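For the sequence shown, the residue numbers in this note's numbering are 16 to 238. The beta-carbon is built from N, C-alpha and C at its ideal position, and this holds for glycine as well. No experiment lies behind these values; they were computed from the predicted model shown. A short worksheet on the structure shown next.
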Amino acid sequence: MFDSAFWTNLWRYFDGIIGPSIFSTLRMLIATMILAFVFGFILAVALYLTHRDGLKPNKTIYRVLDFFVNAIRSFPIIILIVAISPITRAVVGTTIGEQAAILPLTLAATPFLARILENAFLQVDRQLIEAARSFGASDSQIIFRVIVKEAVPSIVSGTTLATVTYLSATTMAGAVGAGGLGAVALNYGYQSFNDMVLYTAVIILLILVYIIQITGDYLYRRI
Numbered sequence: 016m017f018d019s020a021f022w023t024n025l026w027r028y029f030d031g032i033i034g035p036s037i038f039s040t041l042r043m044l045i046a047t048m049i050l051a052f053v054f055g056f057i058l059a060v061a062l063y064l065t066h067r068d069g070l071k072p073n074k075t076i077y078r079v080l081d082f083f084v085n086a087i088r089s090f091p092i093i094i095l096i097v098a099i100s101p102i103t104r105a106v107v108g109t110t111i112g113e114q115a116a117i118l119p120l121t122l123a124a125t126p127f128l129a130r131i132l133e134n135a136f137l138q139v140d141r142q143l144i145e146a147a148r149s150f151g152a153s154d155s156q157i158i159f160r161v162i163v164k165e166a167v168p169s170i171v172s173g174t175t176l177a178t179v180t181y182l183s184a185t186t187m188a189g190a191v192g193a194g195g196l197g198a199v200a201l202n203y204g205y206q207s208f209n210d211m212v213l214y215t216a217v218i219i220l221l222i223l224v225y226i227i228q229i230t231g232d233y234l235y236r237r238i
């Protein structure tokens, strides 16, 4: 079954199509997660501050932010990519390719990460916060020196989950012109009736998920 012709053919596809698509997928994923973490952290701090159990409770602001987070999270990634394509074209100049995919992927991942980080912040023991207040700590000091520090294990765990989730989203984005492993599996595998390419792409995705998960688990145990 796996004769020399099979391996020669597989290497030809890997060298010309599959290999570059792996790096394309990783570039999209890394850029998306970095941007989403930055914006998600800012949004999570705002959510935490205005939460009824936060440092500056504000029901109105919290409801607005909460609505935004829930509304964006309700969109399937492919629908979101198509829905904001005019914005993507205006900002990036095109709706096809890696750079065009990063914008909607970041928009989708930001509220997802924000919710994860908000929940991590809310799990911090209130007594630690009150103790910091009693010593005269400011809100910013409490956020960065108490809440974030205590929430690091939950942040690592949640970020690992988000990374795996948006690896899948990055793959699905390949169906609408983003490129990467999703496009290879769909165009060169499924639509071309090439099982070798299709299942090779699937196996590579499984390996990437495994690497991300064990890395996250390792960091979680080390913290």
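My output table needs one value for residue i: the three-state DSSP class, helix, strand or coil.
{"i": "S153", "result": "coil"}
{"i": "F52", "result": "helix"}
{"i": "I111", "result": "coil"}
{"i": "I99", "result": "coil"}
{"i": "L70", "result": "coil"}
{"i": "D232", "result": "helix"}
{"i": "D210", "result": "helix"}
{"i": "Q142", "result": "helix"}
{"i": "P35", "result": "helix"}
{"i": "P91", "result": "coil"}
{"i": "I238", "result": "coil"}
When the Cα atoms are used, what is the spatial distance from residue i to residue j?
{"i": "V139", "j": "S89", "result": "27 Å"}
{"i": "T174", "j": "L120", "result": "15 Å"}
{"i": "T125", "j": "F56", "result": "8 Å"}
{"i": "K74", "j": "A190", "result": "40 Å"}
{"i": "F136", "j": "Y63", "result": "7 Å"}
{"i": "Q228", "j": "N209", "result": "29 Å"}
{"i": "L44", "j": "A216", "result": "16 Å"}
{"i": "A116", "j": "I170", "result": "25 Å"}
When every heavy atom of the ligand ZN is checked, does at least one fall within less than 7 Å of the C-beta of residue i?
{"i": "V212", "result": "The ligand ZN is not part of the structure shown, which contains no ligands of any sort."}
Return the chain-ordered list of same chain residues with a C-beta closer than 7 Å to the C-beta of residue i, the five sequence neighbours on each side being excluded.
{"i": "I158", "result": "V60"}
{"i": "V106", "result": "L118"}
Looking only at its chain, what residues have a beta carbon closer than 8 Å to the beta carbon of residue i, apart from the 5 residues adjacent to it on each side?
{"i": "F52", "result": "L128 and T174"}
{"i": "Y205", "result": "L213"}
{"i": "L232", "result": "Just to set this straight, residue 232 is Asp in the shown sequence, not Leu. The answer, listed in chain order, is T175."}
{"i": "L122", "result": "I87, L95 and I99"}
With a threshold of 6 Å on Cβ separation, who are the neighbours of residue i within its own chain once the five nearest residues in sequence on each side are excluded?
{"i": "A147", "result": "I157 and V161"}
{"i": "L143", "result": "V161"}
Taking only runs that begin and end inside the segment 167 to 204, name each unbroken alpha helix (DSSP H) of 4 or more residues, in chain order.
195 to 198
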